[in-house]
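Peer 1: With our numbering applied, the sequence shown covers 48 to 149.
Ideal Cβ placement from N, Cα and C applies to all residues, glycine included.
Note that the structure is a prediction, hence the values are computed from the model and not measured.
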Amino acid sequence: MSSRTPLEIFHAEAPDVAKAFEDLIGAIVASKGLDQKTKQLVYIAIKASNGDVSAVNAHVPMAKELGATKEEVVDAILMTLTVSGIRGVVSCLPEAVKHFDD
Numbered sequence: 048m049s050s051r052t053p054l055e056i057f058h059a060e061a062p063d064v065a066k067a068f069e070d071l072i073g074a075i076v077a078s079k080g081l082d083q084k085t086k087q088l089v090y091i092a093i094k095a096s097n098g099d100v101s102a103v104n105a106h107v108p109m110a111k112e113l114g115a116t117k118e119e120v121v122d123a124i125l126m127t128l129t130v131s132g133i134r135g136v137v138s139c140l141p142e143a144v145k146h147f148d149d
């Protein structure tokens, strides 16, 4: 079994596509409509709506570093309830709040 991460495998197997994907992310990050903290909160909500605990765990520290509070992260995840149901809340909320318990 490989010890490489999924992104490392992506870069090794499809370097041109991986580069294009990174460029797309860079363009989104550089867009001016929302501040970076808000973008992270939106991303957390979207990933939570899909029940993607790994992505939420990766992005909560980024949001926190940008000044997001525990209450803002909790609200972002709770916003998914009426659209995607309880799955994202029960899977992602416990993990997200752990980042504020230290």
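For L88, count the other beta carbons within 10 Å of its own beta carbon; 16 or more makes it buried, fewer makes it exposed. Which is it?
Peer 2: For the purposes of this step, residue 88 is identified with residue 41 of the sequence shown, where counting begins at 1. Burial call: buried.
Peer 1: Which whole-angstrom value is the C-beta distance of E142 and N104, which I expect to be below 8 Å?
Peer 2: In the sequence shown, counting from the first residue as 1, residue 142 sits at position 95. In the sequence shown, counting from the first residue as 1, residue 104 sits at position 57. Indeed, because the Cβ distance is near 5 Å, the residues count as touching under 8 Å.
Peer 1: Just to check my reading of the structure: I133 and I91 have Cβ atoms closer than 8 Å, yes? What is that Cβ distance to the nearest angstrom?
Peer 2: Walking along the sequence shown from the start, residue 133 turns up at place 86. Walking along the sequence shown from the start, residue 91 turns up at place 44. Rounded, the Cβ-Cβ distance is 17 Å, inconsistent with contact.
Peer 1: To the nearest angstrom, how far is it from the Cα of V64 to the Cα of A102?
Peer 2: On the sequence shown, residue 64 is found 17 positions in, with the first residue counted as 1. On the sequence shown, residue 102 is found 55 positions in, with the first residue counted as 1. Taking the straight line from one Cα to the other gives about 20 Å.
Peer 1: Please report the distance separating the alpha-carbon of G73 from that of M126.
Peer 2: By 1-based counting over the sequence shown, the position of residue 73 is 26. By 1-based counting over the sequence shown, the position of residue 126 is 79. Using only the alpha carbons, I get a separation of about 26 Å.
Peer 1: Going by C-alpha distance, which of V144, L128 and K94 is nearest K111?
Peer 2: One-based indexing of the sequence shown puts residue 111 at position 64. K111 has its Cα closest to that of V144, out of V144, L128 and K94.
Peer 1: Measuring only the C-alpha atoms, how far is L140 from V121?
Peer 2: The sequence position of residue 140 within the sequence shown is 93, counting from 1. The sequence position of residue 121 within the sequence shown is 74, counting from 1. For L140 and V121, the distance between alpha carbons rounds to 7 Å.
Peer 1: Compare the beta carbon distance of K94 and H106 with 8 Å and say whether it is the shorter of the two.
Peer 2: Locating residue 94 in the sequence shown gives position 47, counting from the first residue. Locating residue 106 in the sequence shown gives position 59, counting from the first residue. It is a contact, given that the beta carbons lie within the stated cut-off.
Peer 1: Report all residues from its chain with a CB closer than 7 Å to the CB of A115; omit the five preceding and five following residues, and keep chain order.
Peer 2: Residue 115 sits at position 68 when you count from the first residue of the sequence shown. Hits under 7 Å: K84, Q87 and L88.
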